[in-house]
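Under my numbering, the first residue of the sequence shown is numbered 2, with each subsequent residue one higher. For every residue, glycine included, the Cβ atom is placed at its ideal position computed from N, Cα and C. So the structure is just underneath, and the comments pick up after that.
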Amino acid sequence: MHTHTERRRSGGGDRFVAVAAVLALIMAAAAVLLAPAGAGAAALPDTSIAVNGQDTGRTFDGLGAISGGGGNTRLLTDYPAAQRNAILDYLFKPGYGADLQLLKVETSGDGNTTSGAEQTVEETRGVINCQAGYEFWLAQQAVKRNPQIKLYGLTWAAPGWVGSSMYTQNGIQYITDWLGCAKQRGLTFAYMGGWNEKGGWTAAWWKDLRAALDAHGFAKVKLVAADQVSSFSDVSGAMAQDPDFAEAVSVIGEHYPCGWNGPTPISDYPNVETSCPSSPAAQALNTPLWAAEQGSMSYNAGGLPMARADNIDYVDGRMTASINWPVVASAYSDVGFADQGLVRADEPWTGAYDVGLSTWVTAHTTQFAQPGWQYLDGASGYLGGRSSDEVGSYVTLKSPGGKDWSSVVETTRATGPQTVELAVSGGLSTRPVHVWSTNLVSNDRSQWFAQDRTLVPDAHGTVTMTLQPDHLYSFTTTTGQHKGSAAVPASKPLALPYSDSFTTGTQGQQARYLATMEGAFTVEPCAGRGGNCVQMDTPAKPLEWQSNIRTPYPYTVGGDEAWSNYQVSADVRNAQPGSVGILGRQSNLGGTEEDPSKVHYYSLTLSDTGAWSINLADGSGSAARSLAGGTLSSAAGLNTWHNLALTFDGSLIYASVDGTTVGSATDTTLAAGKVGLVASGYLAGEQYDNLKVSTLTDLAVPVALPAGTHTPEAVTNVGYDATGGAVNQWQYSGSWQSGGGNTWDDTAGDKATLTFQGDSVTLQSMANASNGIVDVSVDGGSPTAVDLYSGSGALASVFTRTGLDPAQRHTLTVTVTGSKNPASGGSFASVAGALVSVPGKPAAAPVLARPADASSVHAGRIRIEGTATPGELVTVSVSGKPACVDQPADRHGNWRCDTRLQRGSVVLTAVGVDPVTGLMSAPTAPVHVRAT
2 MHTHTERRRS GGGDRFVAVA AVLALIMAAA AVLLAPAGAG AAALPDTSIA VNGQDTGRTF
62 DGLGAISGGG GNTRLLTDYP AAQRNAILDY LFKPGYGADL QLLKVETSGD GNTTSGAEQT
122 VEETRGVINC QAGYEFWLAQ QAVKRNPQIK LYGLTWAAPG WVGSSMYTQN GIQYITDWLG
182 CAKQRGLTFA YMGGWNEKGG WTAAWWKDLR AALDAHGFAK VKLVAADQVS SFSDVSGAMA
242 QDPDFAEAVS VIGEHYPCGW NGPTPISDYP NVETSCPSSP AAQALNTPLW AAEQGSMSYN
302 AGGLPMARAD NIDYVDGRMT ASINWPVVAS AYSDVGFADQ GLVRADEPWT GAYDVGLSTW
362 VTAHTTQFAQ PGWQYLDGAS GYLGGRSSDE VGSYVTLKSP GGKDWSSVVE TTRATGPQTV
422 ELAVSGGLST RPVHVWSTNL VSNDRSQWFA QDRTLVPDAH GTVTMTLQPD HLYSFTTTTG
482 QHKGSAAVPA SKPLALPYSD SFTTGTQGQQ ARYLATMEGA FTVEPCAGRG GNCVQMDTPA
542 KPLEWQSNIR TPYPYTVGGD EAWSNYQVSA DVRNAQPGSV GILGRQSNLG GTEEDPSKVH
602 YYSLTLSDTG AWSINLADGS GSAARSLAGG TLSSAAGLNT WHNLALTFDG SLIYASVDGT
662 TVGSATDTTL AAGKVGLVAS GYLAGEQYDN LKVSTLTDLA VPVALPAGTH TPEAVTNVGY
722 DATGGAVNQW QYSGSWQSGG GNTWDDTAGD KATLTFQGDS VTLQSMANAS NGIVDVSVDG
782 GSPTAVDLYS GSGALASVFT RTGLDPAQRH TLTVTVTGSK NPASGGSFAS VAGALVSVPG
842 KPAAAPVLAR PADASSVHAG RIRIEGTATP GELVTVSVSG KPACVDQPAD RHGNWRCDTR
902 LQRGSVVLTA VGVDPVTGLM SAPTAPVHVR AT
């Protein structure tokens with residue numbers, strides 16, 4: 002993943018995005034950017050492509066994707082076997098889906114590397130566990146489906162023993178130890194990189210790495226230098242000066258040669274990745290040049306610019322491989338860059354997934370040309386005789402035997418139809434030409450990777466076809482292409498209640514549905530009790546890939562972002578001085594935020610001294626703030642088990658230790674979120690067991706809740722990049738620039754205006770030492786001067802207005818003043834987003850239909866029946882005592898409770914619980930029944 006700081010200003014929905022909604026943005030943008038004047042689209046000049054088998058060109062090395070950088074494959078491992086295998090087939094099976102030819106994986110080092118952290122194979126130097134993590138498993142699955150796929154390893158984070166840099170002898174040892182594990186797992190890696198996007202490398206280090214690989218039996222592993230954003234110029238320059246370095250390096254791999262578009266709004270996708278240069282000096286070396294990482298765009302909408310980039314990587318820069326980041330979007334949807342990849346797979350509890358447009362764009366090359374094929378330079382260029390990608394581009398490759406050929410043509414910047422003529426000569430086959438096509442802006446998936454037609458060459462070996470704009474075409478003499486298909490389960494939230502004793506977990510792997518954000522948490526045998534537990538394994542702060550993590554500490558999370566009112570409980574064990582704890586209402590910041598310490602949650606922590614604390618992490622990256630706390634002498638000490646429980650009921654938060662409520666807090670900051678486990682530091686050996694998430698009607702740990710229904714406010718985080726004139730969208734006037742999680746402007750009078758509906762709003766900014774003073778107003782009222790200056794570089798809440806009418810629309814306006822305090826280096830305004838709150842709504846109340854009020858029934862066994870929202874959990878009480886707890890309403894909305902009544906008069910009531918949010922309904926009206 003790319004975090005190139007000069008491209009950012011320094012400083013700190015739905016589970017499956019509807020294809021129609023995403024592609025509608027592209028179509029709207031394409032209409033504005035590309036449509037010609039007038040009602041009709043004029044035809045463009047014809048293009049004649051001379052497909053000559055005697056032509057020269059570089060050797061194609063393949064298209065691939067990246068698992069890592071980081072945690073983006075995590076949830077795939079928990080998918081049901083049938084759906085997991087289907088997803089893997091879409092990615093790796095030849096002639097079925099993406100048909101990936103290169104797989105690049107992270108060597109893993111316990112540090113967060115974008116969307117999560119991946120476990121190292123070597124926590125302590127010399128102590129190696131080759132079963133750790135899931136990258137080797139994924140590589141095995143890829144090779145199983147395609148034995149010809151080439152594997153490529155690269156380091157992002159590394160274990161702490163490596164030191165302060167990978168560019169050391171320790172770093173080389175870690176690479177050779179990791180490759181040794183790969184060999185032990187039956188894997189042969191063809192390529193190895195250095196340290197992802199980290200400067201400071203030297204030619205001497207690469208030569209030492211080459212020598213070490215040779216000495217350890219990895220002489221056939223080729224080195225890719227240097228996985229940086231400036232590799233083409235830096236590496237080629239060093240190779241020209243140092244022949245030994247040039248001999249050590251087999252490939253020059255640059256990141257994002259077409260530009261990095263991670264924070265780019267989808268509406269701008271039609272106009273990005275329009276130029277993909279390398280350098281004349283790099284090309285002159287005749288060393289293979291690769292786009293060793295590119296992409297960082299939506300798994301659906303990113304297909305359009307991908308179609309362009311995969312072609313012009315070669316046309317512009319003579320790059321012979323392109324590797325997309327990442328391979329699959331299989332992380333929780335609130336982490337950074339969550340929707341990026343080829344397939345979206347973030348729902349293992351149902352097995353639901355979505356094969357993105359990017360999969361089929363990739364297939365337009367990989368199913369028609371294999372590594373080892375040769376590009377034909379004379380049949381690779383720009384449509385319409387242009388010198389850049391103004392109306393489209395094309396590349397042509399021939400098979401090693403010199404007979405078969407394929408051309409891939411994209412028209413992503415065309416404004417109308419155009420005709421292309423392919424004239425075949427030079428010994429290439431003149432068999433019929435099969436055409437496959439994809440409409441890149443269509444919502445109709447039958448128009449993605451569709452077998453279009455077959456063209457029969459004329460007597461001169463020529464075929465002709467009219468191309469439509471915003472399409473991708475493959476012309477080929479080969480056969481065997483296929484568009485795979487498989488049944489996909491329906492998408493559903495993860496319902497309450499939920500529990501995991503970790504008994505069935507795989508030792509050495511992450512527990513089901515838990516995704517580690519920092520450190521390593523794996524299933525291990527429990528200490529001091531039988532069975533399996535989750536253990537924090539990281540003994541020291543990792544060598545982090547992200548140098549800007551404010552307060553790193555280990556934690557792992559899982560569940561559903563909509564969970565709201567619930568109790569989370571777990572057994573915990575302090576193995577070292579420090580604290581362990583549980584998390585609730587947890588959410589990451591999403592968007593392009595990569596810092597795992599910038600997170601929202603409430604926690605309950607317990608120290609080995611017996612000190613407990615309810616804490617709030619507010620997303621700023623600062624240490625969590627205590628809301629309440631105390632000390633229990635009975636909970637002090639190491640290596641003893643204790644039970645912690647956090648109960649959320651609206652704004653009320655209750656803390657329990659060993660079954661006793663020890664304190665509470667009232668806070669409205671967070672309304673919903675996942676659960677998790679946390680340690681105060683890198684305290685290897687801390688353990689957790691019996692994780693439970695209960696509804697308020699069936700608490701695992703008893704808590705005396707107040708009467709009535711308590712509903713938290715629903716909080717929506719409206720990011721700065723949500724633009725438009727509708728509710729919860731921003732509009733900007735002036736010269737705002739975006740990146741790094743915010744948009745900024747220092748021109749006095751420029752404005753950012755949010756339209757919203759709710760009872761409160763909070764403006765968020767990225768603190769910065771060059772920020773100035775802004776005026777903030779609500780509904781056109783008197784402005785409040787807000788000083789945004791800070792040296793912290795953190796996300797900060799800088800202005801809040803409460804008491805608004807939630808039934809009305811409101812506006813929040815930020816005006817650049819051009820003024821600043823004397824300490825600031827500038828007068829910039831920064832808008833990161835806004836938190837909009839609306840009053841919470843309880844679950845719909847069930848109906849208690851039978852028996853009727855004021856009726857008589859026979860004492861003994863009785864059936865109580867009613868209706869509710871399908872799936873709602875209904876609890877029935879008899880004279881105030883629960884008789885049936887969390888009975889689910891069926892798909893028709895019917896529920897029943899079988900219980901026994903003693904003789905006499907009783908009162909029946911029922912209350913419903915939303916199985917996703919945990920919110921309770923108001924109770925039904927009392928039903929008075931006499932049992933005789």
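For secondary structure counted as the beta strand (DSSP E) over 3 or more consecutive residues, the stretch 413–494 holds these complete runs in sequence order: 419–426, 434–440, 451–456, 463–468, 472–477. The beta-carbon distance between Ala833 and Leu789, rounded to whole angstroms, is 10 angstroms. This is too long to meet the 8 angstroms contact definition. As a beta-bridge residue in DSSP terms, Asn589 pairs with Val600.
Ranked by how close their Cα comes to the Cα of Lys484, the residues Pro95, Ala227, Gln55 have Pro95 in first place. Look at Leu700 here: in three-state DSSP terms it is coil, with no helix or strand label. With contact defined as three or more Cβ pairs closer than 8 angstroms, the stretch 340–347 and the stretch 300–309 are in contact.
Taking one beta carbon from each stretch, the stretch 371–378 and the stretch 108–128 have fewer than 3 pairs nearer than 8 angstroms; the two do not touch. Rounded to the nearest whole angstrom, the CA to CA distance from Ala786 to Ala672 is 29 angstroms. Secondary-structure assignment with DSSP links Tyr315 through no beta bridge to anything.
Classified as exposed, Asp806 has fewer than 16 neighbouring CB atoms from the shown chains inside 10 Å of its CB. Annotation for Phe522: the continuous beta strand (DSSP E) segment containing it runs 522–526. Linking Leu358 to Pro266 through their CA atoms gives a straight-line distance of about 17 angstroms. By DSSP's assignment, Arg85 forms no beta bridge with any residue. In the three-state reduction of the DSSP assignment, Trp350 falls in the coil class. Here the alpha carbon of Ile67 sits roughly 22 angstroms from the alpha carbon of Tyr514. The Cβ neighbour count for Gln809, taken over all protein chains shown within 10 Å, is under 16; the residue is labelled exposed.
Assigned with DSSP and collapsed to three states, His929 falls in strand. Leu210 and Val489 have their C-alpha atoms some 45 angstroms from each other. Beta-bridge analysis with DSSP links Tyr376 to Leu398. Here Ser766 carries a strand assignment [DSSP, helix/strand/coil]. When Cβ pairs closer than 8 angstroms are counted between the two stretches, the stretch 40–59 is seen to touch the stretch 417–429, the count reaching three or more.
In this model, Thr505 and Asn533 are separated by some 8 angstroms (Cα to Cα). Scanning Val704, Glu594, Gly520, Gly725 for the CA closest to the CA of Glu687 turns up Gly520. Here the C-alpha atom of Ala220 lies approximately 46 angstroms from the C-alpha atom of Thr48. In this structure, Thr910 and Pro924 form a Cβ contact; the two beta carbons are roughly 5 angstroms apart against a cut-off of 8 angstroms. Within the same chain, Ile88, Ala346, Pro349, Gly352, Tyr354 come within 8 angstroms of Tyr80 by CB-CB distance, once the 5 residues on both sides are set aside. For Leu692, the enclosing beta strand (DSSP E) covers residues 688–695.
Contact between the stretch 574–583 and the stretch 224–237 is not established, with fewer than three Cβ pairs separated by less than 8 angstroms. Excluding the 5 residues flanking it on each side, Gly172 has same chain C-beta neighbours closer than 6 angstroms at Val163, in chain order.
Taking C-beta atoms under 8 angstroms as the contact rule, Gly559 and Val676 qualify, at a distance of about 7 angstroms. Counting every other CB atom within 10 Å of its CB across the protein chains shown gives Glu107 a total of 16 or more, marking it as buried.
Closest in C-alpha terms to Val728, from the list Ala705, Thr754, His711, comes Thr754.
In this structure the stretch 360–373 touches the stretch 434–451; the number of beta carbon pairs closer than 8 angstroms is three or more. Non-local beta-carbon contacts of Ser906 in its own chain, meaning distances under 6 angstroms to residues more than five positions away in sequence, involve Arg931 in chain order. Going by C-alpha positions, Cys259 is about 8 angstroms away from Asp314.
Collapsing the DSSP output to three states places Pro889 in a strand.
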